[in-house]
Amino acid sequence: MEFLTPKRATIIAALTSGFLVVIKFIVAFSSGSIVVLASAIDSLLDICMSLFNYFALKNAEKPANQNFNYGFGKLLYIAALLEGIVILGSAVYIFYQSLWNLSHQESLSYTDMAIFVMVLSIVMVGALVWVLGKVAKSSGNAVIAADMLHYKSDLFSNGAILLSLLVMSFWGFYLLDPILGILISIYIAYGALRIIKNGALMLLDRALPPVMQVQITDILHASQIVGFYNLKTRIVGDRAFVVVYIIFEEGITLCTAHSISDQIEAQIKALERSREWEIIIHLEPIEHFANYPFSFTKRKDT
């Protein structure tokens, strides 16, 4: 899967959605099915978001410059946030249209064609979910993970749509179409809210997972320092940022203090070698606290 970069994965997703949206719209308008129309609209949004994600990923890889010293990694989370909002909007539309169809009971036509299209859609989307899942796992990319979740929801909704079409085709229970449309819209809205939440948390500089924060404090407690304070962490894309002030005993040389801080940095990076780390360690002498008294975390005796 090394040849499948996040950017290439978004192109594959856009092309897949482009093919599906054409045939779904044709069948939706021919049959009058709200669930097939909902699936077509969702696929159309997939194209827009996959193309947007491609350009977001392309710009996110740009190196830091004079105006943006920390790079463009947060573009990924802006893309994920916008994608979640668009998906939520589509869910609201599907919900509204389903309610309208529920109050205007109409039979469907060309159900055989609709069934064939949904089977084809399930096969293609299933393959796409597998590909995006592999890329998301290997790259840790938030946008690809969001895309994978979106297409995964499509996979389940397509399966439900296929089942409803089969029921309507054999038993003529056409009220199932708008009822299922309502259920699909709720499911899509739930997935969209998760994407929005994750994107927002990352834009707000969410800290490293609690388990990893405990591991970092354990490293500090096991080091040859008096104590530490103002430990801060955050995640941006594939990068983790750590800032901490460590306090040394009186009389230690700068060379020794620097060597200890290097050891601490190396141990923190070893917690997750696949991640890019940016660690800033401030060296503080214990004498400093005689003039500016404030609390700090003392090293535990080991």
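All you need for our numbering is the position in the sequence shown, starting with 1, plus 138.
Backbone N, C-alpha and C fix where the C-beta goes; we use that ideal spot for every residue, glycine too.
TODO: Could you have a look at residue 455 and say whether DSSP puts it in helix, strand or coil?
DONE: No answer is possible for residue 455: it lies beyond the span of the chain, which begins at 139 and ends at 440.
TODO: Given a cut-off of 8 Å, decide if residue 256 and residue 299 are closer than it, judged by their beta-carbon atoms.
DONE: yes
TODO: Pull up the distance between the alpha-carbon of residue 326 and that of residue 286, whole angstroms please.
DONE: 13 Å
TODO: Within the segment 330-366, note down every full alpha helix (DSSP H) run reaching 4 residues or more, in order along the chain.
DONE: 348-359
Open item on the list: Check this for me: beta carbons of residue 424 and residue 364, under 8 Å apart or not?
Closed with: yes
Open item on the list: Pairs of beta-carbons, one from the segment 142-160 and one from the segment 228-244, closer than 8 Å: are there three or more?
Closed with: no
TODO: Look at residue 340 and residue 280 and say whether their C-beta atoms are less than 8 Å apart.
DONE: yes
Open item on the list: If I follow the unbroken beta strand (DSSP E) through residue 419, where does it start and stop?
Closed with: Here the beta strand (DSSP E) through residue 419 covers 414-423.
Open item on the list: If the criterion is Cβ atoms closer than 8 Å, does the pair residue 315 and residue 207 meet it?
Closed with: no
Open item on the list: Under DSSP, the alpha helix (DSSP H) around residue 157 begins and ends at which residues?
Closed with: Counting along the chain, the unbroken alpha helix (DSSP H) around residue 157 starts and ends at 144-169.
Task: Selection from 212, 153 and 272 that minimises the alpha carbon distance to residue 336 - done: Among 212, 153 and 272, the Cα nearest to that of residue 336 is on 212.
TODO: Output the distance between the C-alpha atoms of residue 159 and residue 182, rounded to the nearest integer angstrom.
DONE: Looking at the two C-alpha atoms, the distance is approximately 6 Å.
Open item on the list: Counting C-beta neighbours from all protein chains within 10 Å, is the total for residue 412 16 or more, i.e. buried, or is it exposed?
Closed with: exposed
TODO: Measure the C-alpha to C-alpha separation of residue 385 and residue 276 and round it to an integer number of angstroms.
DONE: Cα atoms of residue 385 and residue 276: separation of roughly 38 Å, rounded to the nearest angstrom.
Open item on the list: Let's see if you can read the secondary structure: which residues bound the alpha helix (DSSP H) around residue 215?
Closed with: 213-241
Task: 6 Å CB neighbourhood of residue 414 in its chain, flanking five on each side removed - done: Cβ within range, chain order: 376 and 377.
Task: One or two residues paired with residue 378 in a DSSP bridge - done: 373 and 415
Open item on the list: So if DSSP puts residue 435 in a beta bridge, which residue, or which two residues, is it bridged to?
Closed with: According to DSSP, which records beta bridges pairwise, residue 435 is partnered with 366.
Open item on the list: Tell me the rounded alpha-carbon separation between residue 254 and residue 219.
Closed with: 34 Å
- [ ] Output the boundary residues of the alpha helix (DSSP H) element that contains residue 390.
- [x] It is not in any alpha helix (DSSP H) - residue 390 carries neither H nor E in the DSSP assignment.
- [ ] Confirm, please, whether the CB-CB distance from residue 346 to residue 324 is below 8 Å.
- [x] no
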